[in-house]
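One structure is given here, and the rest of the page talks about it.
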Amino acid sequence: MQVLGIDGCRGGWIGIWHSPKQLKWFFSAALEDLIASPPPSHAFIDMPIGLSNTGPRLCDRAARQMLGRKFSSSVFPTPCRLALKGKDYPEANGLNRQQVGSGLSKQSYYLLPKIREVDNWLRNPLNSASLLREAHPEVAFHAIKGASLCFKKKTPEGFQERLDLLCQLDGRVAALTQNILAATRRKDIAADDILDACCLAVMPLSGRLQTLPAKPERDNKGLNMEICYYSTRAFKSAGTVT
Numbered sequence: 001m002q003v004l005g006i007d008g009c010r011g012g013w014i015g016i017w018h019s020p021k022q023l024k025w026f027f028s029a030a031l032e033d034l035i036a037s038p039p040p041s042h043a044f045i046d047m048p049i050g051l052s053n054t055g056p057r058l059c060d061r062a063a064r065q066m067l068g069r070k071f072s073s074s075v076f077p078t079p080c081r082l083a084l085k086g087k088d089y090p091e092a093n094g095l096n097r098q099q100v101g102s103g104l105s106k107q108s109y110y111l112l113p114k115i116r117e118v119d120n121w122l123r124n125p126l127n128s129a130s131l132l133r134e135a136h137p138e139v140a141f142h143a144i145k146g147a148s149l150c151f152k153k154k155t156p157e158g159f160q161e162r163l164d165l166l167c168q169l170d171g172r173v174a175a176l177t178q179n180i181l182a183a184t185r186r187k188d189i190a191a192d193d194i195l196d197a198c199c200l201a202v203m204p205l206s207g208r209l210q211t212l213p214a215k216p217e218r219d220n221k222g223l224n225m226e227i228c229y230y231s232t233r234a235f236k237s238a239g240t241v242t
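Under full-length UniProt numbering, the first residue of the sequence shown carries the number 1, and numbering increases by one thereafter.
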């Protein structure tokens, strides 16, 4: 199986291509260039897909519940589709409040250009929308470990904790990570962006495909509102698996 894990970064997008024979990385300012060729079997991206117009997405609620209080803040509130039309923060914030009754956080606002880019790619009839699915690295790391992590990802301890988990799945990740760190600038790609993309690429080695929620909703454009992860067990609530 050939899997592409994608994470947004300051310079654009970082992609990790994983297969039994290859583990390689890509960096591009444009998402479409990253996915263009050759097409993988599966592609997972750390960016919202499927935008609610009625309130918080069930997948975001489920992800926060799985991660628990310590890590739930890593799941930003997803803007509604109408907010994508905002030309600046006051307008986007107002549109979000108008549509769903709550404002837009600054963190979510800063993601709007990339959310638009993903949404445009998915809704382009020339692209295979079913290829690209939403995932969240912290959910994936939690599932790989089968329990809560100990450290936040931007700490040295958190970086090492996550790298160790990935190396348990594929030992090649350590060398690849060092190669990317040496070849790129942190102002373009943060160290945790590298691990996040690696995580989405190698997570299929940790079990079966699962989604939050188990039966995803669709938005008004027909896109799934889901967060994918891999595990031998499905998470039902925070701290429990079945």
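Quick reminder that beta carbons are idealized off the backbone N, C-alpha and C, glycines included.
Within the model, the alpha-carbon separation for residue 1 versus residue 122 is close to 22 Å. With respect to the C-alpha of residue 212, the residue from 41, 21, 197, 65 having the closest C-alpha is 65. Residue environment: residue 221 is assigned as exposed (fewer than 16 neighbouring CB atoms within 10 Å of its CB, all protein chains considered). Bounds of any alpha helix (DSSP H) do not take in residue 152, whose DSSP letter is neither H nor E. Per DSSP, the unbroken alpha helix (DSSP H) holding residue 108 starts and ends at 106–123. Put simply, the backbone Cα of residue 102 is about 16 Å away from that of residue 58.
It is roughly 24 Å from the alpha-carbon of residue 151 to the alpha-carbon of residue 105. Between the C-alpha atoms of residue 230 and residue 78 there is a straight-line separation of about 22 Å. An exposed status is given to residue 87, since fewer than 16 other beta-carbon atoms sit within 10 Å of its beta-carbon. In the same chain as residue 43, and ignoring 5 residues on each side of it, the C-beta atoms closer than 6 Å to its own belong to 4, 131, 132, in chain order. In this chain, residue 46 is not harboured by any alpha helix (DSSP H); it is covered by the beta strand (DSSP E) spanning 42–46. At the C-beta level, residue 74 and residue 138 come within 8 Å of one another. Between residue 200 and residue 140 the beta-carbon gap is near 6 Å, inside 8 Å, which marks them as a contact.
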